[in-house]
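Accompanying notes for the structure given below.
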Amino acid sequence: MGRAEARRARQGSARRAKPKETKSGIRRFFTWKKLLGAFLGVCLLGILGFIGLYLYVDIPKGNSAAKLQSNVYKYSDGKVMARVGQVNRETVPLDRIPKGVQRTFVAAENKTFYDDSGVDLKGTLRGVLNTLRGQGKQGGSTITQQYVKNYYLSQEQTVSRKLQEIVISLKVDNKFKKEDILAGYINTSYYGRGAYGIQAAAQAYYGVDVEKLTVSQGAYLASLLQAPSQYDWSSATKAGQKRVKERWAYTLDNMVEMKWLPAADRAKQKFDVPQEPKPLPGVTGQTSYLVKQAKEELFAQGVDDAEFEAGGWTVTLGIDKNKQKALEKSVKRKLTDDLDPEKRKVDRDAQLGATSVDPKTGHIVAMYGGDGYPKHWTNNATRSDYQPASTFKPLILASAMENNAVTTQDGLPINPNTIYDGRNRRPVVGGNIAFAPPNEDEKQYGKISVQTATNNSVNAVFAQMGADVGLEKIKETAVELGMDGSKIDAKPAMTLGTMGASPLQMAGAYATLDNHGKKVTPTLVKKAVHPVDGVDTAVPLKDPIGDQVLSRRTADTLTSVLTGVVNDGTASESVKNTAYEAAGKTGTSDDNKSAWFVGYTPKLVTAVGMFGESPKGGAQVTLKGTGGGGRVNGGGYPARVWADYTESALGGSTGAEFDLETDLGAGVPPTPTPTPSKTPSTSPSPSETPSKTPSQTPSSPSGRPSDTESGKPSDPATPTDPSSGPPTGGTDDGDTGGKPNGGRPDGDSLTGFN
């Protein structure tokens, strides 16, 4: 025997001699045979259970129409504001619906409709799993399943309801013709604008009967079903409009794929923009805006459009009936009574929006949106297409104080006492693109404190501060305070408030200051209740009061600074000497297309925006000349409306004082210093401006500090070079609208912003 054979023999003997291992513990219970048997057993039980469910569940009677009822909207005290919900539905036979329009629904929702069994098991399983994970509403249903949900069941998202949907869908598909199911689906679906069924939708969106709908219009209506409130062209965001056009195109492309629409005809299709919505029956004036905004809030928080429109809901708003009436009366007294559209065409262009918020709860207590339906469709309180102008400036200072490492060009911290160069058209230092914005009315200032610059809304100072802080950091702060980041372009012009913003957003930002830096998201709906299985159930709503987004010291310092605007600045003519402590900021945009006052007391925050809008086409136009005057400043009509409303709204509760934890700003006594003449005080003084004349009424252009009538500095100490004088801050990569050292962003007028 060779050595190799001997070695193998020894190894074989060792293996034979090794004792056999015995399975012990948990391994005895988890063999592959037992696991397979358990799996097959579960599958068998599932199959038997489904068969039992199929035999047990019958097709119920259609009950969706019987459930339709009014939704009730209430004031904060429980009194009824409005009842909305006359059902807008007309069932039409399938032969009244053009064949091409019928096919748009199949192409959009369920291309296999004519061949499937009525259930998409894969999509349904995905929906069930996502429901179990708490991921909300999920797609994946066939047209048959959606019809069953609309007509036989409810919109609730539960596993048991989903299983019922599957069983009933299989039975419906077995019992009815596909044409009957399609007709039922098209006639029971919710299309938005209170319209149930395609006939009501055809009238609501295109003003025609169903027989006259085109394939293009049908593709839009079919696309609406995915998200009626988000895809309604009249109220959709730019993103929503883009998505619905993409779905419209997807629907038509599917029709080409399915040989229902020739490619040549597809190429000729144009998107048919729907008509403006009609007013809700019995809902006019401010109530029309409040009802619409409440619905949008609920839909944004996950309430199903169709389920809500089916009725039975009680929605309590934060609106205080007395404050709401007070706001409407103040707009009439301080603005509309002063307008004469027959005499002055410019008076026809004046629009005003306002949002009033309780800073402690975050609830909107009053809102003014315009003339109301049907005179004016757009809610001016929520529109965000106009510039907030200088009401944005406090957010720049807030960002500077929150970012502790931020300093001026000379390395000094930025606070209300920091000295800046306020010369008109002073080039900003520190950027790649020249930016030298004009002050309002080309006013000249010298070495002034940030407090004085805020009081008088000096553009040169805040343009430089924006460069010192960093535009991206300022944008981050603005978004944290509730502004829409998609509308903020981080370029130097943003320091003048050139982005779009709504009174609702600005009220939230200032309410956060009033609430000592705790985020306030103004919210209209306080409570929403609807019946579930016969029991009134409240929908969980987000808390309007959020996290601490600014330190208390920063927020309180801003409040202190903004009391200076009211007492000694651009709002003093309209707001000073009121019976309550107040802080706020004016704003007047380029070409005087908007004018603002956003102000607050310890108990109430109100943003008032005035806009120039052409009655023809809605284009932005100037407010100049409104009411027979000249330029409309934020310290004029907006501040007057604010002051009149605030006094009425506060009533006898005017004695509250700001509880400020800060030693900076005009709202606290100045700190004594050994050399007061060289140290910037916390309130304006003659030495802080180039003018040696006491401050006049700042809300009027002629009342701003100036040097000489020629506009040239009369103070020899006023620096003539950006590198001279005290700390001035830096420049930035900015946008001067293609004008080298031109000093103004695209479209800015030489009047500047205030």
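Counting in the working numbering, the sequence shown runs from 651 upward without gaps.
Idealized CB from N, CA, C, for every residue including glycine.
Since the structure is predicted, the reported quantities are computational estimates derived from the model, not experimental observations.
Got a sec? Which residues, its chain only, sit under 6 Å from residue i by beta carbon, not counting five neighbours each side?
i            : result
residue 1112 : 1043, 1046, 1145
residue 1017 : 1005, 1031
residue 966  : 724, 1176, 1177
residue 1208 : 1044, 1048, 1163
residue 861  : 746
residue 720  : 733, 735, 961
residue 1108 : 1072, 1089, 1095
residue 795  : 815, 819
residue 1328 : Per-residue confidence for residue 1328 stands at a pLDDT of 41, beneath the threshold of 50, marking its modelled position as unreliable; the derived number appears in the next sentence. Once the five neighbours on either side are set aside, residue 1328 has no close Cβ partner at all.
residue 1123 : 1049, 1053
residue 757  : 901, 904, 905
Going by Cα to Cα distance, which pick from the options is closest to residue i?
i            : options                : result
residue 1435 : 801, 1185, 976         : This structure gives no information on residue 1435, because the portion of the chain shown stretches from 651 to 1404.
residue 1192 : 1185, 1177, 1308, 890  : 1177
residue 1055 : 1118, 1307, 1071       : 1118
residue 1270 : 1049, 1255, 1239       : 1239
residue 1288 : 1222, 1264, 1268       : 1222
residue 973  : 1074, 1050, 727, 1229  : 727
residue 1188 : 1312, 908, 1121, 953   : 953
residue 1296 : 1195, 768, 980, 1268   : 980
residue 1316 : 1109, 1137, 1104, 1160 : 1104
residue 1097 : 1121, 1069, 1115       : 1069
residue 918  : 928, 908, 902, 907     : 902
residue 888  : 922, 1140, 1106, 1136  : 1136
residue 1406 : 1194, 848, 900         : The chain is shown only over 651 to 1404; residue 1406 falls outside these bounds and no answer can be derived.
residue 1248 : 1186, 1286, 1267       : 1286
residue 951  : 1190, 1141, 1263, 1256 : 1190
residue 1169 : 1143, 1198, 1142       : 1198
residue 1131 : 1181, 1161, 1218       : 1161
residue 740  : 859, 750, 1242         : 859
residue 1243 : 1007, 1319, 1001       : 1001
residue 1213 : 1319, 930, 978         : 1319
residue 834  : 1127, 891, 800, 845    : 800
residue 1102 : 1219, 1063, 1294, 751  : 1219
residue 1106 : 1211, 1129, 1186, 1063 : 1211
residue 847  : 1120, 1062, 742        : 742
residue 1157 : 752, 1014, 892         : 1014
Once you ignore the five residues that flank residue i on each side, which residues in its own chain have a CB closer than 8 Å to its CB?
i            : result
residue 1022 : 934, 935, 936, 937, 938, 939
residue 1307 : 1231, 1252
residue 829  : 744
Among residues of its own chain, excluding the 5 on either side of residue i, which ones have a beta-carbon nearer than 7 Å to its beta-carbon?
i            : result
residue 886  : 880, 894
residue 1201 : 1052, 1167
residue 1154 : 1005, 1031, 1032, 1172
residue 729  : 971
residue 1290 : 984, 1224
residue 1311 : 1202, 1203, 1206
residue 1133 : 1151, 1155, 1159
residue 1335 : In this predicted model, residue 1335 has a pLDDT of only 36, less than 50, meaning its place in the structure is not dependable; the value taken from the coordinates is given anyway. Cβ within range, chain order: n/a, list empty.
residue 798  : 815, 818, 819, 822
residue 1330 : Interpretation of residue 1330 is limited by its pLDDT of 41, a score under 50 that renders its predicted location unreliable; the figure taken from the coordinates is listed afterwards. Cβ within range, chain order: 1067, 1069, 1099, 1338.
residue 837  : 741, 742, 847, 848
Which whole-angstrom value is the C-beta distance of residue i and residue j, which I expect to be below 8 Å?
i            : j            : result
residue 855  : residue 924  : 4 Å
residue 863  : residue 850  : Not a contact, Cβ separation roughly 12 Å.
residue 1147 : residue 1039 : 4 Å
residue 1284 : residue 1237 : 5 Å
residue 1099 : residue 1067 : 6 Å
residue 744  : residue 832  : 7 Å
residue 1149 : residue 1059 : With 8 Å as the limit, residue 1149 and residue 1059 do not qualify as a contact, their Cβ atoms being about 26 Å apart.
residue 1292 : residue 1258 : 5 Å
### Uninterrupted alpha helix (DSSP H) stretches inside the stretch 1265 to 1300 (no shorter than 4 residues)
1287 to 1300
### alpha helix (DSSP H) runs wholly inside the stretch 929 to 1009, at least 4 long, in chain order
As far as the stretch 929 to 1009 is concerned, its whole alpha helix (DSSP H) runs of at least 4 residues are 935 to 950, 955 to 959, 971 to 984.
### Query
Between the stretch 1160 to 1175 and the stretch 1271 to 1282, are three or more C-beta pairs nearer than 8 Å?
In short, these stretches do not touch, since the Cβ pair count stays below three.
### Task
Could you tell me whether the stretch 941 to 952 touches the stretch 983 to 996, using the rule of 3 or more Cβ pairs below 8 Å?
no
### Message
Below 8 Å, how does it come out for the stretch 837 to 846 and the stretch 866 to 877: are there three or more Cβ pairs, yes or no?
### Response
yes
### Message
In chain order, what are the residue ranges of uninterrupted alpha helix (DSSP H) at least 4 long that sit wholly in the stretch 806 to 855?
### Response
809 to 825, 828 to 838
### Completely contained alpha helix (DSSP H) runs for the stretch 1215 to 1246, where each covers 4 or more residues
Fully enclosed alpha helix (DSSP H) runs of 4 or longer: 1222 to 1225.
### Message
Threshold first: 3 residues or longer. Then list the beta strand (DSSP E) segments lying entirely within the stretch 1074 to 1129, N to C.
### Response
1097 to 1099
### Message
List, from N- to C-terminal side, the beta strand (DSSP E) runs of 3 residues or more that fit wholly inside the stretch 1161 to 1212.
### Response
1168 to 1170, 1175 to 1182, 1185 to 1188, 1195 to 1198
### Task
Enumerate, from N- to C-terminal direction, the unbroken alpha helix (DSSP H) stretches of 4 or more residues contained entirely within the stretch 1038 to 1077.
1043 to 1052
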